[in-house]
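Chains as they are written, first to last, in this note's numbering: chain A, 221 to 493; chain B, 221 to 493; chain C, 221 to 493. Every residue, glycine too, gets a C-beta built ideally from N, C-alpha and C. On a predicted model such as this, the values are computed, not experimentally measured, just so you know. As structure tokens, the structure follows; a few thoughts come after it.
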Amino acid sequence: MNISNESIVKDLTILREKNPLVHNITNYVVMNFTANILLASGASPVMAHAIEEVEDMVSIASALVINIGTLSPPWVESMIKAGKAAAKKGIPVILDPVGVGATPYRTDTAKKIIDECDITVIRGNASEILSLRDSSAGSKGVDSMHSIDTAENAAVAMANELNITVAVTGDIDLVTDGTGIVRIQNGHPLMGKVTGTGCSASAITAAFAAINDDALAATAAALTCFGIAGELASKHAEGPGTFTTALIDALYNLSTDDINRLASITIQERRDI
Amino acid sequence: MNISNESIVKDLTILREKNPLVHNITNYVVMNFTANILLASGASPVMAHAIEEVEDMVSIASALVINIGTLSPPWVESMIKAGKAAAKKGIPVILDPVGVGATPYRTDTAKKIIDECDITVIRGNASEILSLRDSSAGSKGVDSMHSIDTAENAAVAMANELNITVAVTGDIDLVTDGTGIVRIQNGHPLMGKVTGTGCSASAITAAFAAINDDALAATAAALTCFGIAGELASKHAEGPGTFTTALIDALYNLSTDDINRLASITIQERRDI
Amino acid sequence: MNISNESIVKDLTILREKNPLVHNITNYVVMNFTANILLASGASPVMAHAIEEVEDMVSIASALVINIGTLSPPWVESMIKAGKAAAKKGIPVILDPVGVGATPYRTDTAKKIIDECDITVIRGNASEILSLRDSSAGSKGVDSMHSIDTAENAAVAMANELNITVAVTGDIDLVTDGTGIVRIQNGHPLMGKVTGTGCSASAITAAFAAINDDALAATAAALTCFGIAGELASKHAEGPGTFTTALIDALYNLSTDDINRLASITIQERRDI
């Protein structure tokens, strides 16, 4: 696997230079925060959900994020239309199955999107990833009730079956393409106290995937940078409010030295599933 | 009435331990801020508005917030369906009648929701509460043109007639179940300069009502904690921007000592209406 | 032209005294930030998009903002209905043609709104203003690919043809009514790294236009105040996160002295188009 501090630094540098357009069809709660995280990372965000324009927007975008956090039928229709257009164009599609497991509508919708679109990366918390495989896994709304480890087998199996990259984020982030597993120990507990950090992790993954065709490496780089930014932000935070502003600052200012000092990733091969 | 510094501390402690899921069908403007306020208070927020899933989401939630700030017919339909499901399940429903009085559509919708759902608490500003009783009261968009005192009789009468708790928030907050009246002198003028503090007051009321069946006490506790957080935040604020981040921090860090030092509530019985 | 430091100070003072209600039909991404910017400027924001109430809301408002950032057919229908009601009532209508040029749907919609409503001010970035005149100009999502200077002729011509005020914002802001051109050198590069600063510039323009019938002067005053707030905010910023909160603070605290010290505007007459 081509994942190292050097490759992460290189990806971030290219992202800032290329400033790729990331098209988001995402939920109302996190749109503003996600857009600011994308800008801070070096990408150019656009939000557009109307069936009348999603294909045109995809045609000028370098990556697509599909996030079902506040889904409804017209939005789902646009997500699928955009997802198909993105696959046809060959740009990466990142699916964030927010709250899968909480309601049948979410679970069914996520599965439908996976069936009908050519997804590149799925990023969710442990409960969401487990619920995609086993609808009885359960979920507490949009927050996880499961540890990362319990979702490892589901993530590896899903990555193999769908031939995609799967990321499970939480205290430790796990990224797998079905054989390679990258664990990222970066991050900070306050990230779980700010709404939309998971959604933003998906968006920043899209930004990195827009400039690196190796989806596993791009996802790992994105989550490492985001996690390091969280650690740096915690030094300036008195709570989740100041942490949020500091997180945007930290991502914007993230340096090669920060990555070299703080990146904490472990790489493993797994061939048993 | 069982409202004291001790009861407020106890409610906040239980809220943080139980981490109840609060289902919000709320307006676009405040979704992010509301979710962060709920997280900071100790609750777990979820936003879901599709008619396809609101009943399922209610079935796993511990409280429901209905907020009409950016209403439209499909959302109103979902609010009523969710409200009925919540009543059937027996979880508290908090209605925030944003902008009632500003347009007939808002006034009619709020009345329809009150008629068709079993509301536990209505929280609004003075103009909104007055407009629910007298459609000629008027309102300036979503901001109040009336003092708390002018809304007292309307609040007490409405609480009696509907057998609910009514909260009128502003410089001083007034909470009544029709006989008991609690006045909360906590808060800070900058709260009126940040969009969504009223909506967040409703959401945090839902969080407390989720863990305390005494709606009057839960509402008073919620508004006292939020008001104290506002006072603490003002010490770190240079204006409404830094105040917003400090408010989230202060709520997250709110201590027993803060409540004991700063809580300023007065309790009154009223039997004349 | 009646544009000077004194006129800007006077406008801001009146805005804070009159606290005009600004009705926004705007995009999901920026609703919260826009509302907070309007509150910080002295205005009272309301967001309402349902066809059932937009005319009623316009009837109590002092200005209307139409922003197509996350447009869809039902919203466009409401925008046009509100725009017509605003024209009939005689209040200013500010159009923000977000992302025009990125998709045909956006370009067509913006042109339709301009045709059917009586717009007072159009504010966009250079690519958006150019795309309104020449659909081949192109745009990178919602970010500009063109310099202000390249859009000057398009802005002056459009202002003349439509008999409106056109504002092109970017490193330098340009405001024209077709003969007069005001250039505003205030602002800070971090404003381009925060989502919704353009949208907020449109909203604050509506706030000033609500209290000053001279649309050119009102727009120039709004953009000058916003730009100065950006400069002041940059002194307290470590990046786009802290910049955002500082921007709201700076606007809220903006003083006569700040305007006199920092306002940097140049005025020019142009009679060749």
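For residue i, write down the residues that DSSP places opposite it in a beta bridge.
{"i": "L471(A)", "result": "According to DSSP, L471(A) bridges with nothing at all."}
{"i": "V320(A)", "result": "T323(A)"}
{"i": "Q488(C)", "result": "I401(C)"}
{"i": "S264(C)", "result": "L241(C)"}
{"i": "N287(A)", "result": "D316(A)"}
{"i": "D393(A)", "result": "I404(A)"}
{"i": "A387(B)", "result": "R343(B), V395(B)"}
{"i": "D477(C)", "result": "Note: D477(C) sits in no beta bridge, so no partner."}
Residues of chain C with CB under 7 Å from residue i, in chain order?
{"i": "L467(A)", "result": "G461"}
{"i": "F253(B)", "result": "N252"}
Excluding sequence positions up to five away, which residues of its chain have a Cβ less than 7 Å from the Cβ of residue i?
{"i": "L241(A)", "result": "S264, V266, I280, A281, S282"}
{"i": "A306(B)", "result": "V278, L284, V313"}
{"i": "V414(A)", "result": "P460, F463, T464"}
{"i": "N256(A)", "result": "I468"}
{"i": "F253(C)", "result": "G416, S420"}
{"i": "D338(B)", "result": "A307, V313"}
{"i": "S227(A)", "result": "A437, A441"}
{"i": "M251(C)", "result": "M267"}
{"i": "Y248(B)", "result": "T290"}
{"i": "E372(C)", "result": "L394"}
{"i": "A260(B)", "result": "I468, L471, Y472"}
Would you grab the beta carbon distance between residue i and residue j for me? Rounded to a whole angstrom, and I think it's under 8 Å.
{"i": "D478(A)", "j": "I448(A)", "result": "6 Å"}
{"i": "P324(A)", "j": "D276(B)", "result": "6 Å"}
{"i": "A377(B)", "j": "L235(B)", "result": "The pair is not a contact, with the Cβ atoms about 31 Å apart (cut-off 8 Å)."}
{"i": "T389(B)", "j": "N345(B)", "result": "6 Å"}
{"i": "I424(C)", "j": "A442(C)", "result": "5 Å"}
{"i": "I349(C)", "j": "I286(C)", "result": "The pair is not a contact, with the Cβ atoms about 16 Å apart (cut-off 8 Å)."}
{"i": "K304(B)", "j": "E336(B)", "result": "7 Å"}
{"i": "V341(C)", "j": "A429(C)", "result": "6 Å"}
{"i": "S351(C)", "j": "V320(C)", "result": "5 Å"}
Using a C-beta to C-beta distance shorter than 9 Å, which residues of chain C count as neighbours of residue i?
{"i": "D464(A)", "result": "Here residue 464(A) turns out to be Thr, not Asp, going by the sequence shown. Those are G461, listed as they occur along chain C."}
{"i": "G416(B)", "result": "N252, A255, N256"}
Return no unless some Cβ of chain B is closer than 8 Å to the Cβ of residue i.
{"i": "H408(C)", "result": "no"}
{"i": "I280(C)", "result": "yes"}
{"i": "L284(C)", "result": "no"}
{"i": "E273(C)", "result": "yes"}
Using a Cβ cut-off of 8 Å (strictly closer), state whether residue i contacts chain C.
{"i": "V249(B)", "result": "yes"}
{"i": "S331(B)", "result": "Per the sequence shown, the amino acid found at residue 331(B) is Lys instead of Ser. Judged by the 8 Å Cβ criterion, K331(B) is not in contact with chain C."}
{"i": "S454(A)", "result": "no"}
Anything in chain B within Cβ reach of residue i, meaning under 9 Å, just list it in chain order.
{"i": "Y472(A)", "result": "Simply none; closest approach about 17 Å."}
{"i": "D276(C)", "result": "A322, T323, P324, Y325, R326"}
If you drop the 5 nearest sequence neighbours on each side, which residues of the same chain put their C-beta closer than 6 Å to that of residue i?
{"i": "R403(A)", "result": "I392, L394, T486"}
{"i": "M411(B)", "result": "T417, G450"}
{"i": "A470(B)", "result": "A449, L452, A453"}
{"i": "G407(A)", "result": "G447, G450"}
Can you pull the chain C residues whose beta carbon is under 8 Å from the beta carbon of residue i, in chain order?
{"i": "M267(A)", "result": "N247, Y248, V249, G289, T290"}
Using a beta-carbon distance below 8 Å, is residue i in contact with chain A?
{"i": "A387(B)", "result": "no"}
{"i": "G450(C)", "result": "no"}
{"i": "A270(B)", "result": "yes"}
For residue i, collect the residues of the same chain with a Cβ closer than 8 Å to its Cβ; drop the 5 residues on either side in sequence, then sort them by chain order.
{"i": "L474(B)", "result": "L232, C445, I448, A449, L452"}
{"i": "I271(C)", "result": "P294, E297, S298, K301"}
{"i": "M221(B)", "result": "G400, V402, L436, A437, I487"}
{"i": "S364(C)", "result": "N345, A346, S347, E348, G390"}
Residues of chain B with a CB under 8 Å from the CB of residue i: which are they?
{"i": "A260(C)", "result": "K413, G459, P460, G461"}
At a CB-CB cut-off below 7 Å, which residues of chain A make contact with residue i?
{"i": "D363(C)", "result": "S264"}
Quick one: list the residues of chain B neighbouring residue i, beta-carbon separation under 7 Å, in chain order.
{"i": "G319(A)", "result": "V266"}
Is residue i a contact residue of the ligand GTP, with contact defined as CB to any heavy atom under 7 Å?
{"i": "D363(A)", "result": "By its list of ligands, the structure shown contains no ligand whatsoever, and the ligand GTP lies outside what it can speak to."}
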